[in-house]
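Before any comments, here is the structure.
Protein chains: 2
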Amino acid sequence: MGTTIVSDEIRQRILTYFENQAQRHGLSAFTVDRMAKDLKISKRTIYQHFPTKDAIITTFMDSVKHRIDEHFGAMEKLDLPASMIMIKSLKGILDILTPFLNQGISDLKTLYPEIWQSLVAFRKGKFDQIFKLLRQAQTDGEINPNLNMNRLAYLLPQILDELFQPEVVFHPSHASRDMMEEVFLILFQGIFTGSTRDSFPQLLKQQAE
Amino acid sequence: MGTTIVSDEIRQRILTYFENQAQRHGLSAFTVDRMAKDLKISKRTIYQHFPTKDAIITTFMDSVKHRIDEHFGAMEKLDLPASMIMIKSLKGILDILTPFLNQGISDLKTLYPEIWQSLVAFRKGKFDQIFKLLRQAQTDGEINPNLNMNRLAYLLPQILDELFQPEVVFHPSHASRDMMEEVFLILFQGIFTGSTRDSFPQLLKQQAE
Numbered sequence: 001m002g003t004t005i006v007s008d009e010i011r012q013r014i015l016t017y018f019e020n021q022a023q024r025h026g027l028s029a030f031t032v033d034r035m036a037k038d039l040k041i042s043k044r045t046i047y048q049h050f051p052t053k054d055a056i057i058t059t060f061m062d063s064v065k066h067r068i069d070e071h072f073g074a075m076e077k078l079d080l081p082a083s084m085i086m087i088k089s090l091k092g093i094l095d096i097l098t099p100f101l102n103q104g105i106s107d108l109k110t111l112y113p114e115i116w117q118s119l120v121a122f123r124k125g126k127f128d129q130i131f132k133l134l135r136q137a138q139t140d141g142e143i144n145p146n147l148n149m150n151r152l153a154y155l156l157p158q159i160l161d162e163l164f165q166p167e168v169v170f171h172p173s174h175a176s177r178d179m180m181e182e183v184f185l186i187l188f189q190g191i192f193t194g195s196t197r198d199s200f201p202q203l204l205k206q207q208a209e
Numbered sequence: 210m211g212t213t214i215v216s217d218e219i220r221q222r223i224l225t226y227f228e229n230q231a232q233r234h235g236l237s238a239f240t241v242d243r244m245a246k247d248l249k250i251s252k253r254t255i256y257q258h259f260p261t262k263d264a265i266i267t268t269f270m271d272s273v274k275h276r277i278d279e280h281f282g283a284m285e286k287l288d289l290p291a292s293m294i295m296i297k298s299l300k301g302i303l304d305i306l307t308p309f310l311n312q313g314i315s316d317l318k319t320l321y322p323e324i325w326q327s328l329v330a331f332r333k334g335k336f337d338q339i340f341k342l343l344r345q346a347q348t349d350g351e352i353n354p355n356l357n358m359n360r361l362a363y364l365l366p367q368i369l370d371e372l373f374q375p376e377v378v379f380h381p382s383h384a385s386r387d388m389m390e391e392v393f394l395i396l397f398q399g400i401f402t403g404s405t406r407d408s409f410p411q412l413l414k415q416q417a418e
């Protein structure tokens, strides 16, 4: 029997390798065999850290969720109107996800339906946070007065749920980031009014801060 | 053997009865037995005009499509900018469909999937017409310059397809007409600019002309 080495350093190397692979080639190309070869460690060592391939993916997704949560938390602390916090929070999600928005990652929903479902649940939680900010923006007089907030509360998650599906976002002839920006532009320029509406396109396209 | 009477008048009475029933009680409550009793004609007579219940529904749906086509045709002839023709065409669809937007009709998709599919195909054709008007509106400088028309051409039918599903439109605590108006308000106020954008809410709520 060989020596069992379970270390944070190897764990981190595995996760970093996975992140690079997911960004470059997506999920379907990822195998533990290939990872062992590329990282020059044994499959046994990999399985000592992560019992299954799913465990690697789940751990990685948890770290992405954590980044998004941290971003939301940081934005909430800014001394800005709710509308701006909302826009910057959404932009943060786009920025965090953009490196992974390739055709390869589009297989997540079909290859790993349980992991996909956990992301859907996470997204619902974020919608709730977004909607609280929208309510505040309404109090601040920044929401299109023709809209009814109760209907909006029901429709907006439906729209976003339906649109942020691999089948929609991963289009052969449009970049996914551009598609997601277009959805936000339509929706939020339809929802906001005045200067918030006018500043939205520029804020969305700004380089990550 | 009784006398066979196939007449336009009876055919029309059957269709009018069906329309009233669909408006008041929806589709699941509709039976040929009940129709025969209410119209004081035999089931045999009904089946001489329409061999199946599905045939009644299909014929009725064809008449609704015909009304929508006629409305689109009439709007196209108006001497108005493309944006206005588009808005008035969409409003016409809402006005034609509003009497049927009740919980009962929401069963169409599950009870009569083939008829539903034919409506989905019809809707796609209307989207194409709407999109031609949008392209013209863009030429006229009435479209939000931050939007990319190619992406919009792809996204807009996706959004409308996903939203105009019974599961979304027939909500227990919101009127369906209000829900559909809200969707149009968000989307088209996000898409249009200037005076078109400003006049949109009022146009949508105007009484049918």
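These protein sequence lines map, in sequence, to chains R and Z. For the first sequence, position 42 (counting from the first letter as 1) is numbered 42 according to our numbering, and the numbering increases by one without interruption. So the mapping is simple: our numbering equals the position in the second sequence, first residue as 1, plus 209. We put the beta carbon where it would ideally sit given N, CA and C, even for glycine. Since we're looking at a predicted model, the values are computed, not measured.
For Z:Y226, no chain R residue has a Cβ inside 8 Å of its Cβ, as the nearest lies near 34 Å away. Within its own chain, the residues whose Cβ lies closer than 7 Å to the Cβ of R:D38, once the five positions on either side in sequence are excluded, are Y17, listed in chain order. Comparing alpha carbon positions, the residue from Z:Q257, Z:Q338, Z:L310 closest to Z:K297 is Z:Q338. For Z:D370, the enclosing alpha helix (DSSP H) covers residues 358-372. For the segment 170-205 of chain R, the full-length alpha helix (DSSP H) segments reaching 4 residues or more read 176-191, 194-205 along the chain.
Secondary structure at R:I143: strand, using DSSP grouped into helix, strand and coil. Taking Z:L412 as the centre and dropping the five residues before and after it, the same chain places the C-beta of I296 closer than 6 Å to its C-beta, in chain order. Between Z:G399 and Z:N357, the C-beta gap is not smaller than 8 Å, which leaves the two residues out of contact. For Z:G301, the enclosing alpha helix (DSSP H) stretches over residues 291-306. Here R:D69 carries a helix assignment [DSSP, helix/strand/coil]. The DSSP-derived three-state label of R:T110 is helix. With fewer than 16 other beta carbons inside 10 angstroms of its own, R:L80 counts as exposed. Listed in chain order, the non-local C-beta contacts of R:K91 below 7 Å within the same chain comprise L203, L204, local neighbours out to five positions each way being set aside. Among the residues of the segment 382-396 of chain Z, those with a Cβ less than 7 Å away from any Cβ of chain R are H383, D387, M388, E391, V392, L394, I395, L396, in the order of the chain. With its beta carbon at least 8 Å from every one in chain Z, R:V120 lies outside the interface. At a Cβ-Cβ threshold of 8 Å, R:I46 and R:V32 count as neighbours. The Cβ-Cβ distance between R:H66 and Z:Y363 does not fall below 8 Å.
In terms of beta-carbon proximity, Z:L299 stays away from the interface with chain R, with every pair separated by 8 Å or more. For Z:L356, the nearest beta carbon of chain R is closer than 8 Å to its own beta carbon. Only residues of its own chain outside the window of five on either side were considered, and among them L15, F18, E19 have a CB closer than 7 Å to the CB of R:F60, listed in chain order.
Using a CB distance cut-off of 8 Å, R:L152 counts as an interface residue toward chain Z. A residue is called buried when at least 16 other Cβ atoms come within 10 angstroms of its Cβ; R:R24 does not meet this threshold and is exposed. Using a Cβ-Cβ distance cut-off of 8 Å, the segment 173-186 of chain R and the segment 116-136 of chain R are not in contact, since fewer than three pairs of beta carbons, one from each stretch, lie closer than that value. Between the alpha carbons of R:S7 and R:R13 lies a distance of about 10 Å. Between R:G26 and R:N102, the CB-CB gap stays under 8 Å. Relative to R:S173, the option among Z:F397, Z:R360, Z:Q374 whose CA is nearest is Z:R360. Distances from the CA of R:L119 to each of R:S83, R:Q165, R:I41, R:M84 were compared; the closest alpha carbon is that of R:Q165.
One Cα belongs to R:F192, the other to Z:F397, and the distance between them is close to 13 Å. Take Z:A346, set aside five residues on each side of it, and the residues of its chain with a beta-carbon closer than 6 Å to its own are A291, S292, I352, in chain order.
For R:N144, the chain Z residues whose Cβ falls inside 9 Å of its Cβ are L394, I395, Q398, P410, in order along the chain. Taking a C-beta distance under 8 Å as the contact criterion, Z:Y321 and Z:D271 do not qualify as a contact pair. Taking C-beta atoms as the reference points, R:I93 and R:L133 fail to come closer than 8 Å. When the five nearest sequence neighbours on each side are left out, the beta carbons in the same chain lying within less than 7 Å of the beta carbon of R:T196 are those of S83, E142, in order along the chain.
Relative to the Cα of Z:N355, the nearest Cα in the group R:Q158, R:M75, R:V183 belongs to R:V183. When secondary structure is reduced to three states using DSSP, Z:G334 falls in the helix class.
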